[in-house]
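Protein chains: 2
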Amino acid sequence: GMPLRVAQRLPVYLRHLRELSEMGVERISSAELGALIGVTSSQLKQDLSYIGGFGQQGYGFRVDDLYEKLSQVLGLDQRCKLILVGAGNLGKALVNYDGFRRLGYHFVAIFDNDPATIGSRVGVMEVQHVDELPNYLRSYRVDIGVLTVPETVAQEVAETMVENGIKAIWSFAPVQLRLPGHVLVEHLHLSDSLMSLAFRLHYRRQQ
Amino acid sequence: GMPLRVAQRLPVYLRHLRELSEMGVERISSAELGALIGVTSSQLKQDLSYIGGFGQQGYGFRVDDLYEKLSQVLGLDQRCKLILVGAGNLGKALVNYDGFRRLGYHFVAIFDNDPATIGSRVGVMEVQHVDELPNYLRSYRVDIGVLTVPETVAQEVAETMVENGIKAIWSFAPVQLRLPGHVLVEHLHLSDSLMSLAFRLHYRRQQ
Ligand SMILES: NC(=O)c1ccc[n+]([C@@H]2O[C@H](COP(=O)([O-])OP(=O)(O)OC[C@H]3O[C@@H](n4cnc5c(N)ncnc54)[C@H](O)[C@@H]3O)[C@@H](O)[C@H]2O)c1
Ligand SMILES: NC(=O)c1ccc[n+]([C@@H]2O[C@H](COP(=O)([O-])OP(=O)(O)OC[C@H]3O[C@@H](n4cnc5c(N)ncnc54)[C@H](O)[C@@H]3O)[C@@H](O)[C@H]2O)c1
Chain A
1 GMPLRVAQRL
11 PVYLRHLREL
21 SEMGVERISS
31 AELGALIGVT
41 SSQLKQDLSY
51 IGGFGQQGYG
61 FRVDDLYEKL
71 SQVLGLDQRC
81 KLILVGAGNL
91 GKALVNYDGF
101 RRLGYHFVAI
111 FDNDPATIGS
121 RVGVMEVQHV
131 DELPNYLRSY
141 RVDIGVLTVP
151 ETVAQEVAET
161 MVENGIKAIW
171 SFAPVQLRLP
181 GHVLVEHLHL
191 SDSLMSLAFR
201 LHYRRQQ
Chain B
1 GMPLRVAQRL
11 PVYLRHLREL
21 SEMGVERISS
31 AELGALIGVT
41 SSQLKQDLSY
51 IGGFGQQGYG
61 FRVDDLYEKL
71 SQVLGLDQRC
81 KLILVGAGNL
91 GKALVNYDGF
101 RRLGYHFVAI
111 FDNDPATIGS
121 RVGVMEVQHV
131 DELPNYLRSY
141 RVDIGVLTVP
151 ETVAQEVAET
161 MVENGIKAIW
171 SFAPVQLRLP
181 GHVLVEHLHL
191 SDSLMSLAFR
201 LHYRRQQ
């Protein structure tokens, strides 16, 4: 398969290309674009070979063409359907965020097990009981399962998702999930990000 | 200064060491630990040189000793004080998350400009008007400013933080902040994470 790091860099290239396009930049060399995100020109070209070998046209790339191509490949023009389990603080923030919708990622159903939450509205959806999850997944096509339940139940909820056909999970729970090899998992560890900032600050203060 | 990537990897080592310790593993070689996070043994040793050159003791490292040392360096034993601006969906989720508190990161004040939000309780704090931010920062020591306001106002709020002494910002707003070189910024782009997962899924389906 493709190296995880490539998959992690492509959205970053996309974001920089969007900004360059908004600033009216028409062309950029692989060295310049690589420098924006911290990779060598040859690493960048190697990364781009995964999107169908986008060739350089004269001096570097045409920003808008590469942006277009990357958007397609990153699925920005396809409706990507997400379900979410764990309609708590973080879950509600994610479902209410229209930034994801603008990129083509749509929440189609939300589940929880707390009677106080079930039946309440989040965005345009009503929270359903998590016991309905297997039925839902067997009736409707879903691309990604988002896991925002407490760490104590993350493993079992992830297993329910996978047993009912989910092949990709976006998890915020601070546990290592143990799932079959064919399941793609993306862990977002918010605390890693905060810790690395705190460390950089601490290190700088010691200089 | 230190390379950003090192600062980003150290919390990941920490997380793996905690898990190893919980599983009762006493020693690990630099090659094994590196493999857990996807770096070579020599990269790992280079990374560890930033925490005061933690030496290998016989076969590899003692897991608990390295975990201890990394925790100190990542500030887990120090109260790190955070303020947050933008007490909306995401801001409230972050303030209410006790995972950060357990790691030693404490929110000390929250600010917003919405009359409907100001004065309401989030966690144990009352949301203050963002006009109070300069006074607050000049009266109390704060380590990190967390930015969870809409992208349209992110730059101006970040500037207010910096003008009043904040040296490190954790930003969730999808804009490139333009700040003086001495300010450390950690952008958490949730959409990058989701996009990389969607791409891996798309790529796999095409195989
Ligand atoms: N809030 C943050 O900023 C943050 C940061 C890092 C990690 N996390 C992680 O994200 C997850 C969610 O955090 P949160 O702050 O939203 O917590 P929360 O307690 O507000 O939300 C958890 C939700 O999951 C529901 N739930 C519990 N068991 C369930 C089950 N078996 N099936 C379905 N739903 C169930 C609860 O009823 C609740 O609504 C946690 O694993 C947390 O460790 C959160
Ligand atoms: N919610 C998510 O999952 C998510 C994901 C990715 C990025 N983000 C980004 O995080 C930020 C917050 O997202 P959200 O979903 O919590 O939005 P939100 O609209 O729920 O919260 C924004 C808050 O900022 C406050 N605010 C606006 N202008 C202000 C000012 N000048 N001073 C102080 N407070 C001000 C608003 O009153 C509101 O309470 C946004 O930049 C968003 O793009 C959010």
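Protein chains in written order, with our numbering: chain A, 1 to 207; chain B, 1 to 207.
Note that the Cβ used here is the ideal one computed from N, Cα and C, for glycine as well.
With a cut-off of 8 Å on Cβ pairs, the segment 67 to 77 of chain A is not in contact with the segment 85 to 101 of chain A, counting fewer than three such pairs. Within 7 Å of the C-beta of serine 191 of chain B there is at least one heavy atom belonging to ligand 2.
One alpha carbon belongs to asparagine 89 of chain B, the other to tyrosine 140 of chain A, and they sit about 28 Å apart. Interface annotation for the segment 184 to 198 of chain B against chain A: Leu184, Val185, Glu186, His187, Leu188, His189, Leu190, Ser191, Asp192, Ser193, Leu194, Met195, Ser196, Leu197 and Ala198, criterion Cβ-Cβ distance under 9 Å.
Taking 8 Å as the CB threshold, glutamate 68 of chain A stays off the interface with chain B.
A Cβ of chain A is located within less than 8 Å of the beta carbon of valine 73 of chain B. The criterion of a C-beta distance shorter than 8 Å is satisfied by valine 85 of chain A and valine 130 of chain A. Take isoleucine 51 of chain A, set aside five residues on each side of it, and the residues of its chain with a beta-carbon closer than 8 Å to its own are Leu10, Lys69, Leu70 and Val73, in chain order. Not one heavy atom of ligand 2 sits closer than 7 Å to the Cβ of phenylalanine 172 of chain A. A Cβ of chain B is located within less than 8 Å of the beta carbon of phenylalanine 100 of chain A.
The beta carbon of leucine 90 of chain A sits closer than 7 Å to at least one heavy atom of ligand 1.
In this structure, proline 134 of chain B has its CB at a distance of at least 7 Å from all heavy atoms of ligand 1. Excluding residues up to 5 positions away in sequence, Val63, Asp64 and Tyr67 lie with their Cβ nearer than 7 Å to the Cβ of serine 21 of chain A in the same chain. At a cut-off of 8 Å between beta carbons, alanine 168 of chain B contacts chain A. The C-beta of proline 11 of chain B comes closer than 8 Å to at least one C-beta of chain A.
Between asparagine 89 of chain A and chain B, the shortest Cβ-Cβ separation is below 8 Å. Take the alpha-carbon of methionine 125 of chain A and the one of alanine 173 of chain B: they are about 25 Å apart. When 8 Å is used as the limit between beta carbons, glutamate 22 of chain B is near no residue of chain A, the shortest such separation being about 11 Å. CA-to-CA, the gap between alanine 35 of chain B and glycine 145 of chain A works out to about 27 Å.
Tyrosine 136 of chain A is not a Cβ neighbour of leucine 194 of chain B, given a cutoff of 8 Å. For valine 149 of chain B, the shortest separation between its Cβ and any heavy atom of ligand 2 lies below 7 Å. When A/Ile118, A/His182, A/Val183 and A/Pro3 are compared, the shortest CA-CA separation from glutamine 43 of chain A is found for A/Pro3. In this structure, DSSP gives tyrosine 97 of chain B a state outside helix and strand, which the three-state scheme calls coil.
In the three-state scheme derived from DSSP, where H, G and I count as helix and E and B as strand, tyrosine 203 of chain A is classed as helix.
In this structure, DSSP gives alanine 198 of chain B a helical state, which the three-state scheme calls helix. For glutamine 46 of chain B, the nearest beta carbon of chain A is not closer than 8 Å to its own beta carbon. Within the chosen limit of 7 Å, ligand 1 does not reach the beta carbon of alanine 198 of chain A with any heavy atom. The residue among B/Tyr59, B/Val6 and B/Glu151 with its C-alpha nearest the C-alpha of glycine 38 of chain B is B/Val6. Look at proline 174 of chain B: its C-beta is under 8 Å from a C-beta on chain A. By the Cβ neighbour-count rule, threonine 148 of chain A is buried, with 16 or more other Cβ atoms within 10 Å of its own.
In this structure, the alpha-carbon of glycine 75 of chain B lies about 32 Å from that of histidine 16 of chain A.
With its beta carbon less than 8 Å from one in chain A, tyrosine 203 of chain B belongs to the interface.
Take serine 41 of chain A, set aside five residues on each side of it, and the residues of its chain with a beta-carbon closer than 7 Å to its own are Ser30, Ala31 and Gly34, in chain order. For the segment 139 to 154 of chain B, the beta-carbon criterion of a distance under 8 Å to any beta-carbon of chain A is satisfied by Asp143 and Ile144.
Within the model, the alpha-carbon separation for phenylalanine 61 of chain B versus serine 171 of chain B is close to 35 Å.
Interface with chain B (8 Å Cβ-Cβ cutoff): alanine 7 of chain A is included.
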